[in-house]
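**Student:** Chains as they are written, first to last, in the working numbering: chain H, 30 to 324; chain Z, 16 to 340. For each residue, glycine too, the CB sits at the ideal point set by N, CA and C. Since the structure is predicted, the reported quantities are computational estimates derived from the model, not experimental observations. Take this structure first; my questions come after.
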């Protein structure tokens with residue numbers, strides 16, 4: 030019993046418990062741009078969650094009287110060709126973009142890392158087989174692959190997510206395989222094996238936690254990339270379909286008014302690019318923060 | 016009683032560039048509670064032998080092609096991988112060379128020790144952790160540090176943790192693969208003393224792999240000299256150190272600088288270790304042996320017992336020519 034108390038005391042009173050996270054945060058904080066990017070990403074998440082409360086108008090409320098209005102106090106970013114409030118549509122579009130991106134990255138992370146981890150860990154013919162298939166997929170530009178998948182699945186939110194998710198699997202397979210390869214030959218893996226650990230335990234306890242850093246960074250980068258691809262797919266009409274508001278599809282409609290009515294193109298463009306920049310800055314900072322050897 | 020008996024162990028690495036014969040017919044016996052030193056140059060097959068005992072020779076390319084390894088009366092080479100996993104860490108455990116990389120950087124040291132305990136003994140997490148903390152104090156680390164990560168420990172401390180992990184389940188056999196090579200000299204002495212004390216206290220048998228004859232003299236009961244995958248000389252410390260028979264062992268001793276004599280140059284053994292993919296015919300040591308004769312080039316020597324428990328693999332001893340000196 031005394032032993033239990035001793036152990037509990039160690040757990041409770043330990044100042045080093047949160048050691049690693051706070052170290053990473055300390056390093057990330059040094060990079061001002063990354064922190065700014067992170068705050069913007071958090072803001073975007075909040076906007077996506079509370080879109081219905083933030084948007085001043087319902088995103089699908091048409092008002093032909095007020096169509097194609099320039100920004101005003103009433104309509105901060107103007108209105109579109111049906112008189113719908115652009116700001117509201119872009120806000121709700123944030124939710125669509127982020128949800129689709131998150132779903133897509135989940136798919137690619139899940140399948141990609143399973144393939145990558147097993148390929149690196151098992152090795153041999155299996156590895157060659159898996160990685161050559163991944164290489165073949167990588168040789169197809171991901172946007173074209175995504176279009177092909179989206180077309181074959183039919184258009185819509187879900188199929189867009191699936192299309193982007195699958196087109197990104199090779200990226201995750203590669204990153205996770207590379208991460209495992211650098212960890213696999215460490216002596217502590219051999220030591221674990223010499224202590225009787227089986228493959229499952231070695232993978233879960235020893236390899237996964239030590240190979241997370243590059244994968245986390247890839248998640249962040251892929252989210253940004255997915256948002257871009259969603260918009261591109263919607264722009265060419267293979268992605269999210271109107272009337273669901275999506276940055277790319279709003280831009281696509283706005284294309285007809287290019288030269289005549291700037292808000293239709295400028296505001297969705299700003300949303301897309303600022304989001305991408307923030308994600309990329311954050312990913313960049315995260316990569317440096319997760320690798321203590323840099324700096 | 017014999018705890019470990021290796022008979023004619025052969026381990027080859029089969030690669031595209033040829034077959035590397037790392038271990039060629041090693042015979043070795045370790046009695047219960049006994050410490051045996053395995054000494055040899057880099058590439059002599061010491062580590063491969065050790066990994067062979069645990070059946071951890073990386074495969075491919077490594078392959079155990081022949082021999083038998085009896086541990087507590089059972090042939091390890093006939094066991095299933097599942098049975099081997101139960102033995103590793105619980106019955107036979109290993110200390111690795113470099114403590115810097117032998118610990119998982121993402122797991123607290125206390126938990127790393129507890130992990131082995133949990134795996135082999137049926138006990139709760141708390142129980143395992145409290146045993147882990149006991150182990151830590153056994154190796155001289157305060158319990159407070161159990162919740163720290165490996166990077167917060169110095170090299171010597173890390174090696175203590177590695178030793179704690181190895182001894183956590185009180186194995187019958189401890190394989191220490193150059194446990195002090197990566198440490199500086201003062202820490203080496205501390206760690207060696209500790210290994211020696213614990214080995215005596217827990218009555219564990221030990222196979223100490225090193226290329227330092229001085230280390231063996233301090234910690235072992237018996238010593239085996241290995242060269243190019245073969246045991247050249249085997250016997251008690253007294254037999255091998257004071258009644259050295261094999262020309263290779265003599266060469267090793269001759270190349271140790273003396274503390275009290277003023278010497279100009281070291282006396283190295285001429286030549287280089289043979290390439291394990293292209294071993295010389297006859298006796299593997301003959302190209303470097305100062306006493307080699309024509310017959311050594313064609314006929315491999317077998318182990319001969321020159322006195323009780325003192326084995327030498329040299330044609331000179333086979334012929335009864337034992338003047339040696």
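By the 10 Å Cβ neighbour count, where 16 or more other Cβ atoms means buried, how is residue 271 of chain Z classified, buried or exposed?
**Tutor:** What you label residue 271 of chain Z is simply residue 256 of the second chain in a count that begins at 1. Per the 10 Å Cβ criterion, exposed.
**Student:** Would you identify the three-state DSSP class for residue 278 of chain H, choosing helix, strand or coil?
**Tutor:** Counted from its first residue, the first chain places residue 278 of chain H at position 249. If DSSP states are grouped into helix, strand and coil, residue 278 of chain H belongs with the helices.
**Student:** Mapping DSSP to helix, strand and coil, what is residue 291 of chain H?
**Tutor:** In the first chain, counting from the first residue as 1, residue 291 of chain H sits at position 262. Note: residue 291 of chain H maps to coil in three-state DSSP.
**Student:** Beta carbon of residue 21 of chain Z, beta carbon of residue 53 of chain Z: below 7 Å?
**Tutor:** If you number the second chain from 1, residue 21 of chain Z lands on position 6. If you number the second chain from 1, residue 53 of chain Z lands on position 38. Contact flag unset, no.
**Student:** The beta strand (DSSP E) with residue 27 of chain Z in it runs from where to where?
**Tutor:** Residue mapping note: residue 27 of chain Z aligns to position 12 of the second chain, counting from 1. Per DSSP, residue 27 of chain Z belongs to the beta strand (DSSP E) from 17 to 30.
**Student:** Would you call residue 192 of chain Z buried or exposed, if buried means 16 or more other Cβ atoms sit within 10 Å of its Cβ?
**Tutor:** By 1-based counting over the second chain, the position of residue 192 of chain Z is 177. It is buried - the Cβ of residue 192 of chain Z has at least 16 other Cβ atoms within 10 Å.
**Student:** Name the chain H residues that come within less than 9 Å of residue 113 of chain Z, Cβ to Cβ?
**Tutor:** By one-based count along the second chain, residue 113 of chain Z stands at place 98. Within 9 Å Cβ-Cβ: 216.
**Student:** Below 9 Å on C-beta distance, what does residue 61 of chain H contact in chain Z?
**Tutor:** By one-based count along the first chain, residue 61 of chain H stands at place 32. Within 9 Å Cβ-Cβ: nothing; residue 61 of chain H doesn't reach chain Z, min ~27 Å.
**Student:** In whole angstroms, give me the CA-to-CA distance for residue 169 of chain Z and residue 149 of chain Z.
**Tutor:** Counting from one through the second chain, the residue named residue 169 of chain Z turns up at place 154. Counting from one through the second chain, the residue named residue 149 of chain Z turns up at place 134. Their Cα atoms are separated by approximately 20 Å.
**Student:** So, with DSSP's three-state summary, where would you put residue 69 of chain Z?
**Tutor:** Counted from its first residue, the second chain places residue 69 of chain Z at position 54. Correct three-state label for residue 69 of chain Z: coil.
**Student:** For residue 306 of chain Z, which residues of its own chain have a beta-carbon under 8 Å away from its beta-carbon, when the five flanking residues on both sides are left out?
**Tutor:** Position 291 of the second chain, counted from the first residue, corresponds to residue 306 of chain Z. Excluding positions up to five away in sequence, the list reads 262 and 331.
**Student:** By the 8 Å beta-carbon criterion, what residues does the segment 41 to 73 of chain Z contribute toward chain H?
**Tutor:** Correct list: 69 and 71.
**Student:** May I have a chain-ordered list of the alpha helix (DSSP H) segments no shorter than 4 residues that lie completely inside the segment 183 to 263 of chain H?
**Tutor:** Complete alpha helix (DSSP H) runs here, min 4: 186 to 196, 198 to 213 and 216 to 223.
**Student:** Take residue 204 of chain Z as the anchor and find which of Z:186, Z:298 and Z:229 has the nearest alpha-carbon.
**Tutor:** Residue numbering aside, residue 204 of chain Z sits at position 189 when the second chain is read from its first letter. For the residues Z:186, Z:298 and Z:229, the minimum Cα distance to residue 204 of chain Z belongs to Z:229.
**Student:** Taking DSSP's pairing of strands, which residues face residue 245 of chain Z in a bridge?
**Tutor:** Your numbering for residue 245 of chain Z matches position 230 in the second chain. Answer is Z:242.
**Student:** Look at the alpha carbon of residue 339 of chain Z and the alpha carbon of residue 211 of chain H, and state the distance between them as a whole number of angstroms.
**Tutor:** The count along the second chain starts at 1 and reaches residue 339 of chain Z at position 324. The count along the first chain starts at 1 and reaches residue 211 of chain H at position 182. Residue placement at residue 339 of chain Z cannot be trusted, given a pLDDT of 44 that sits under 50; what the coordinates show is reported in the next sentence. In a straight line, the C-alpha of residue 339 of chain Z is about 51 Å away from that of residue 211 of chain H.
**Student:** What is the rounded straight-line gap between the Cα of residue 45 of chain H and the Cα of residue 145 of chain Z?
**Tutor:** For the purposes of this step, residue 45 of chain H is taken as the residue at position 16 of the first chain. For the purposes of this step, residue 145 of chain Z is taken as the residue at position 130 of the second chain. No answer about residue 45 of chain H holds up, because its pLDDT of 48 lies below 50 and its placement is not dependable.
**Student:** Would you check whether the ligand FAD has a heavy atom nearer than 6 Å to the C-beta of residue 235 of chain Z?
**Tutor:** By its list of ligands, the structure shown contains no ligand whatsoever, and the ligand FAD lies outside what it can speak to.
**Student:** Around the C-beta of residue 247 of chain Z, are 16 or more other C-beta atoms found within 10 angstroms, so that it is buried, or is it exposed?
**Tutor:** Sequence index remark: in the second chain, residue 247 of chain Z carries index 232 (1-based). Residue 247 of chain Z should be labelled buried.
**Student:** In this structure, what does DSSP give as the bridge partners for residue 319 of chain Z?
**Tutor:** Working through the second chain from its first residue, we reach residue 319 of chain Z at position 304. BP columns for residue 319 of chain Z point to Z:327.
**Student:** Quick check on residue 103 of chain Z: does DSSP put it in helix, strand or coil?
**Tutor:** What you label residue 103 of chain Z is simply residue 88 of the second chain in a count that begins at 1. Of the three classes helix, strand and coil, the one that applies to residue 103 of chain Z here is strand, per DSSP.
**Student:** Do residue 229 of chain H and residue 145 of chain H have their CB atoms nearer than 7 Å?
**Tutor:** Against the first chain, residue 229 of chain H aligns to sequence position 200. Against the first chain, residue 145 of chain H aligns to sequence position 116. No, they are not a contact pair.
**Student:** Determine the chain Z residues that contact residue 238 of chain H at a beta-carbon separation under 7 Å, and present them in chain order.
**Tutor:** Working through the first chain from its first residue, we reach residue 238 of chain H at position 209. Result: 121.
**Student:** Thinking residue 236 of chain Z and residue 41 of chain Z are a contact (beta carbons under 8 Å), I'd like their distance in whole angstroms, please.
**Tutor:** Numbered from its first residue, the second chain carries residue 236 of chain Z at position 221. Numbered from its first residue, the second chain carries residue 41 of chain Z at position 26. The Cβ separation is near 19 Å, so there is no contact.
**Student:** Please confirm if residue 104 of chain Z has its CB atom under 7 Å from at least one CB of chain H.
**Tutor:** To locate residue 104 of chain Z, count along the second chain from 1; it is residue 89. Cβ-Cβ to chain H under 7 Å: yes for residue 104 of chain Z.
**Student:** Any Cβ of chain Z within less than 7 Å of the Cβ of residue 205 of chain H?
**Tutor:** Here residue 205 of chain H is taken as the residue at index 176 of the first chain, counted from 1. Not an interface residue.
**Student:** With 7 Å as the threshold, decide whether the Cβ of residue 171 of chain H is near any Cβ in chain Z.
**Tutor:** For the purposes of this step, residue 171 of chain H is taken as the residue at position 142 of the first chain. For residue 171 of chain H, the answer is no, since every Cβ of chain Z falls outside 7 Å of its Cβ.
**Student:** Measure from the alpha carbon of residue 97 of chain Z to the alpha carbon of each residue in Z:69, Z:77, Z:37 and Z:82, then state which is nearest.
**Tutor:** Numbered from 1 along the second chain, position 82 holds the residue referred to as residue 97 of chain Z. The option with the nearest alpha carbon to residue 97 of chain Z is Z:69.
**Student:** For a test of the three-state rule: what should DSSP assign to residue 162 of chain Z, helix, strand or coil?
**Tutor:** Within the second chain, residue 162 of chain Z is the residue found at index 147, counting from 1. Residue 162 of chain Z falls in the helix class under three-state DSSP.
**Student:** Since residue 80 of chain Z is in the beta strand (DSSP E), which residue starts that stretch and which ends it?
**Tutor:** The residue labelled residue 80 of chain Z in the question sits at position 65 within the second chain. Start and end: 77 to 86.
**Student:** Compare the C-beta of residue 223 of chain H with all C-beta atoms of chain Z and state if any pair is closer than 7 Å.
**Tutor:** For the purposes of this step, residue 223 of chain H is identified with residue 194 of the first chain, where counting begins at 1. It does: the Cβ of residue 223 of chain H has a partner Cβ on chain Z nearer than 7 Å.
**Student:** Give me the residue from Z:104, Z:328 and Z:233 with the minimum Cα distance to residue 184 of chain Z.
**Tutor:** On the second chain, position 169 is the one that residue 184 of chain Z refers to. Per the Cα distances, Z:104.
**Student:** Verify the CB distance criterion: does residue 104 of chain H have a CB-CB separation below 7 Å to chain Z?
**Tutor:** In the first chain, residue 104 of chain H corresponds to position 75, counting from 1. No - not a single Cβ of chain Z is within 7 Å of the one on residue 104 of chain H.
**Student:** Below 7 Å between beta carbons: does that hold for residue 148 of chain H and residue 206 of chain H?
**Tutor:** For the purposes of this step, residue 148 of chain H is taken as the residue at position 119 of the first chain. For the purposes of this step, residue 206 of chain H is taken as the residue at position 177 of the first chain. In this structure, residue 206 of chain H lies closer than 7 Å to residue 148 of chain H by Cβ.
**Student:** Around the C-beta of residue 214 of chain H, are 16 or more other C-beta atoms found within 10 angstroms, so that it is buried, or is it exposed?
**Tutor:** Along the first chain, one-based indexing puts residue 214 of chain H at 185. Result: exposed.
**Student:** Starting from the beta carbon of residue 100 of chain Z, find every residue of chain H whose beta carbon is closer than 7 Å, and list them in chain order.
**Tutor:** In the second chain, residue 100 of chain Z corresponds to position 85, counting from 1. What residue 100 of chain Z touches in chain H: 225 and 227.
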